[in-house]
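Here is the structure we will look at, set down as structure tokens.
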Amino acid sequence: MHSRLSLTLYSSEQVLNAITQIRTRFGAASISCGVLHHGEVIFTHGDGLANVEKGLAPDPLTIYPVASNTKAFITALCGILVDEGRLSWDEPVSNILPRFNPVHDPEIGRRATLRDLCSHGCGLAPLDNAGCGFHDQFLNPGHEGVHIASHLPVAYDFRAHWLYNNFLLGVVGDLIAAVEGKRSGEVLRDRILQPLNMTRTFSRNDEYSDDNNAAKGYAVLDSGELLPLEPPDLQDCGLQGASGYVRSCVRDMLVWAKAVMQAESAEVQGSSPEKPNPLRQMSVTRSAMRPIVNGLTGLENSYGLGWFRHMLPSTFLGSIGPNFALLPEPPVINRDGPPRLTVAHWGEFGGFLSSFYTFPDTCSAIIVLANTPVGTGDPTDLIAQTLCQELFNMRPRVKLEDFAAQAASTANLIWRALVEEWVQNRVQNTHPSPLEDLTGTYTNTGLKLTIYVTQIPPHKVGSGPNPELLTFNINRMKKQTANLRHYHYDTWTFLPDSRDDAVRKGMLNFIRLSTMLMSFVRDEKGAVTSLCWDLQGGVCEGPAPNLKELVTPVCFTKV
22 MHSRLSLTLY
32 SSEQVLNAIT
42 QIRTRFGAAS
52 ISCGVLHHGE
62 VIFTHGDGLA
72 NVEKGLAPDP
82 LTIYPVASNT
92 KAFITALCGI
102 LVDEGRLSWD
112 EPVSNILPRF
122 NPVHDPEIGR
132 RATLRDLCSH
142 GCGLAPLDNA
152 GCGFHDQFLN
162 PGHEGVHIAS
172 HLPVAYDFRA
182 HWLYNNFLLG
192 VVGDLIAAVE
202 GKRSGEVLRD
212 RILQPLNMTR
222 TFSRNDEYSD
232 DNNAAKGYAV
242 LDSGELLPLE
252 PPDLQDCGLQ
262 GASGYVRSCV
272 RDMLVWAKAV
282 MQAESAEVQG
292 SSPEKPNPLR
302 QMSVTRSAMR
312 PIVNGLTGLE
322 NSYGLGWFRH
332 MLPSTFLGSI
342 GPNFALLPEP
352 PVINRDGPPR
362 LTVAHWGEFG
372 GFLSSFYTFP
382 DTCSAIIVLA
392 NTPVGTGDPT
402 DLIAQTLCQE
412 LFNMRPRVKL
422 EDFAAQAAST
432 ANLIWRALVE
442 EWVQNRVQNT
452 HPSPLEDLTG
462 TYTNTGLKLT
472 IYVTQIPPHK
482 VGSGPNPELL
492 TFNINRMKKQ
502 TANLRHYHYD
512 TWTFLPDSRD
522 DAVRKGMLNF
532 IRLSTMLMSF
542 VRDEKGAVTS
552 LCWDLQGGVC
562 EGPAPNLKEL
572 VTPVCFTKV
């Protein structure tokens, strides 16, 4: 596919072939990427199809959701409001949002500041599966976000450890809305997007639903066939909205990168950026606030406010993304070069991935956008690292195509490993309890979740030695329904028939044994009183030591 080039370094077929190889290894429908250097756009490139059904090739204006790369926009918006005295980094959030009052550690409610929420320092368990269910559909409306965040379990002591949490950035969006009297996405549009002429950046699906140059999300089946997905449910005013509602394009993201670094540089020199750049406090948001891992890790690996900071070379680069779990030895670029700071972020949601690197020393940036799900690995980060190596002539040159092949191969083994674990952990020859003991309504009022368990009508029960006998639904939402078969004792499972079945049922974010089991709990008299479901599964985005032991399954009381 045609590339727009203005630097000989990028014109080599080797670089373009590497991009294509990495994309196809992961089965991604398309890639759109670009490079800024010394404040000028020197490279843009598109590969694959942004909309397969329409035959749409991506270009620098093609819109993709950037997911968690939204966080830097939200903290920049906070910086403007802090600079105007409308918000404070260091006053308790509960002064403005008294509903933010974490019940499992009231000290968080009394002390947690905007700085704590934006730097992921509160210690509350992320529990994303309590917010987002099957098919990446959010389980509650946005106005319940503060209540749910206030009922998240505690994983770490307050300010003791970095722990990535999308619910808390949703609270930040509510904080902005409370101060400004309108949706945070509208504030973002008025205060940042319009002044920077970022005309192809949005916060809701309906703002560009008739646009003919927008990428479509896809899941990937085992055969490589692409399964079209609905537009992402993550948007302004929705649950966790401000954690990831921005949709943008390569052109606008490079405009954004330049404005961020120019504002940051001006502040470091004791001045303000030139108009129309509206950004303020960028030297605060992009400064290190807390390490992402405790202990010695070599060079810096930290988090600011909506930004990761990594001093290359780093073994923690991209640790928030799926490749980190798929690669036992992640690639390390710039191993022999002088240390180089990148201030970066990554994003994934609803069949889209993004990687965004900035290099403030040279006013450089790399953005890579893709329409592919997280379950097969992340092509955007390996392509971004490929472009990093080219831009700065890093040595030794790492062949990132090989890491793409390894990550994709490991991803293909996850389903088989899950089935083996399912079999090995099942206690044989136990029998299910009478179904009427288990049916009923189970609720967790703190997380605003209600589970309805009913019997499958006899005429709809399948054949075989262990058919599905129960079905459950969450919050009366049509897409949030699955069938249960007996696992052992009073534990039941909704393990799909195959990985493709999991993809079609929108369950890829639940592909862990503990999250695919529901246990019914009895009192001393033998009556079923509750249901336990592990909605954390011991994993989250980024390093989180001992999370499985620290966050127990969620309890739903039978009513």
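Counting the sequence shown from 1 gives a position; our numbering is that position plus 21. Don't be surprised by glycine CBs; every beta carbon is placed ideally from N, CA and C. Note that this is a predicted model, so its numbers are computed, not measured.
Does the separation of the CB atoms of residue i and residue j fall below 8 Å?
i, j, result
"Leu529", "Ile495", "no"
"Leu190", "Ile117", "no"
"Leu250", "Gly372", "yes"
"Phe363", "Thr379", "Looking at the sequence provided, one finds Thr at residue 363 rather than Phe. Yes. Within cutoff."
"Tyr266", "Cys561", "no"
"Thr91", "Ser323", "no"
"Gly339", "Asp423", "no"
"Asp442", "Leu300", "The question names Asp, yet the displayed sequence has Glu at residue 442. No, the Cβ-Cβ distance between Glu442 and Leu300 is not below 8 Å."
"Asn344", "Ala240", "no"
"Leu421", "Thr407", "yes"
"Phe188", "Ile169", "yes"
"Val549", "Asp458", "yes"
"Ile354", "Cys409", "yes"
"Phe121", "Val193", "no"
"Gly152", "Gln261", "yes"
"Met310", "Gly325", "yes"
"Asp149", "Val167", "no"
"Pro349", "Val419", "no"
"Ala426", "Arg44", "no"
"Gly48", "Gly368", "no"
"Phe329", "Ala365", "yes"
"Gly467", "Val200", "no"
"Arg356", "Pro381", "no"
Suppose you measure from the CA of residue i to the CA of residue j; what does that come to, to the nearest Å?
i, j, result
"Thr573", "Gln557", "8 Å"
"Lys279", "Ile101", "17 Å"
"Leu390", "Thr222", "14 Å"
"Ser53", "Ser375", "10 Å"
"Asp243", "Val524", "10 Å"
"Ile404", "Ile40", "6 Å"
"Thr464", "Ile472", "6 Å"
"Trp72", "Lys499", "The sequence as given places Asn at residue 72; Trp does not occur at that position. Each residue's alpha carbon lies about 27 Å from the other."
"Glu20", "Pro359", "The question about residue 20 has no answer here: the residues shown for the chain are numbered 22 through 580."
"Phe493", "Ala50", "33 Å"
"Asn21", "Arg506", "No information on residue 21 is available, as it lies outside the stretch 22 to 580 that the chain covers here."
"Asp257", "Ile213", "16 Å"
"Leu26", "Ile63", "With a pLDDT of 42 at Leu26, under the threshold of 50, the predicted position of this residue should be treated as unreliable, though the coordinate-derived value follows. Rounded to whole angstroms, Leu26 to Ile63 spans 6 Å at the Cα level."
"Val575", "Leu209", "35 Å"
"Leu439", "Trp554", "17 Å"
"Gly238", "Glu545", "49 Å"
"Arg136", "Pro127", "18 Å"
"Pro455", "Pro486", "17 Å"
"Ala133", "Glu34", "51 Å"
"Ala565", "Pro453", "36 Å"
"Val444", "Thr397", "23 Å"
In the DSSP output, what is residue i paired with across the bridge?
i, result
"Arg520", "DSSP, once it has assigned bridges, lists no residue as partnering Arg520."
"Glu61", "His58"
"Ala386", "Leu57 and Thr379"
"His156", "Looking at the DSSP assignment, His156 forms no beta bridge with any residue, so it has no partner."
"Tyr85", "Ser269"
Leaving out five residues before and five after residue i in sequence, what residues of the same chain have Cβ atoms less than 8 Å from its Cβ?
i, result
"Gly259", "Phe159, Pro162, Gly163 and Tyr266"
"Val580", "Gly461, Thr462, Tyr463 and Thr464"
"Val276", "Leu217, Asn218 and Met219"
"Ala181", "Gly144"
"Cys384", "Leu57, His58, His59, Gly60, Lys279, Met282, Gln283 and Ser286"
Is residue i close to the ligand GDP? I mean its beta-carbon at under 7 Å from any heavy atom of the ligand.
i, result
"Thr475", "Although the ligand GDP was asked about, the structure shown includes no ligands whatsoever."
Within 8 Å (strictly less), CB to CB, does residue i reach chain D?
i, result
"Gly558", "Within the model displayed, chain D is absent; a lone protein chain is all it includes."
Only counting the same chain, and skipping five residues up and downstream in sequence, which positions put a Cβ closer than 7 Å to that of residue i?
i, result
"Phe370", "Pro86, Ala88, Asp157, Pro253, Leu255 and Gly265"
"Ile435", "Ile532"
"Phe515", "Ala503, Asn504, Leu505 and Met537"
"Ile477", "Glu489, Leu490, Leu491, Thr492 and Asn504"
"Asp211", "none"
"Gly55", "Val62, Phe64, Thr65, Pro81, Val271, Leu275 and Ile388"
"Tyr508", "Arg447, Thr514 and Leu538"
Who are the Cβ neighbours of residue i in its own chain at under 6 Å, not counting the five residues just before and after it?
i, result
"His23", "For His23, the predicted structure reports a pLDDT of 40, less than 50, and the residue's modelled location is therefore unreliable. The matter cannot be settled from this model."
"Gln302", "Gly100, Val103 and Asp104"
"Ala284", "Pro294, Asn298, Leu300 and Met303"
"Ala97", "Leu300"
"Ser205", "Gly194, Ile197, Ala198 and Ala263"
Touch test, the region 260-273 against the region 288-295, Cβ-Cβ under 8 Å, three pairs minimum:
Here the region 260-273 makes no contact with the region 288-295; the two share fewer than three CB pairs at distances below 8 Å.
Assess, as a yes-or-no matter, whether the region 312-321 is touched by the region 80-89 under the definition of 3 or more beta carbon pairs within less than 8 Å.
No contact exists between the region 80-89 and the region 312-321.
Per the contact definition of three or more C-beta pairs closer than 8 Å, is the region 104-112 in contact with the region 217-233?
Fewer than three beta-carbon pairs drawn from the region 217-233 and the region 104-112 are found closer than 8 Å, and the two stretches are therefore not classed as touching.
Does the count of Cβ pairs from the region 168-177 and the region 142-159 closer than 8 Å reach three?
Cβ pair count under 8 Å is three or more, so yes.
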